[in-house]
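Peer 1: In this note's numbering, the protein residues as written are 235 to 304.
Written out as structure tokens, the structure is:
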């Protein structure tokens, strides 16, 4: 097999694996309304929402993806 075929097979495998693994994510994400930008006090997490712990995986990186349009 040439390197391009191996890469395509690997990519196909990753796409199939991603489709089989159930995705967990938080819902109703919003900025914490209690944040005070004028002080250094600890006002809680920057982002709040429902099911915030549902998608965490111990020992693996966890990502938050922000998306917006202008």
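All C-beta atoms in this analysis are idealised placements derived from N, C-alpha and C, irrespective of residue type, glycine included.
All of these numbers come straight from a predicted model, not from anything done at the bench.
(1) Can you list, in chain order, the stretches of the alpha helix (DSSP H) that have 4 or more residues and sit fully within the stretch 236-295?
(2) Counting only C-beta atoms, is residue 239 closer than 8 angstroms to chain C at any point?
(3) Please tell me whether residue 264 and residue 278 are closer than 8 angstroms, where the distance is taken between their beta carbons.
(4) Rounded to a whole number of angstroms, what is the C-alpha to C-alpha distance between residue 241 and residue 296?
Peer 2: Taking the geometry as given:
(1) Segments of the alpha helix (DSSP H) lying fully in the stretch 236-295: 237-254.
(2) Absent from the structure: chain C. Only one protein chain is present.
(3) For this step, residue 264 is matched to residue 30 along the chain shown. For this step, residue 278 is matched to residue 44 along the chain shown. Pairing residue 264 with residue 278 gives a Cβ-Cβ distance that is not under 8 angstroms.
(4) Residue 241 sits at position 7 when you count from the first residue of the chain shown. Residue 296 sits at position 62 when you count from the first residue of the chain shown. The straight-line gap separating the alpha-carbon atoms of residue 241 and residue 296 is approximately 25 angstroms.
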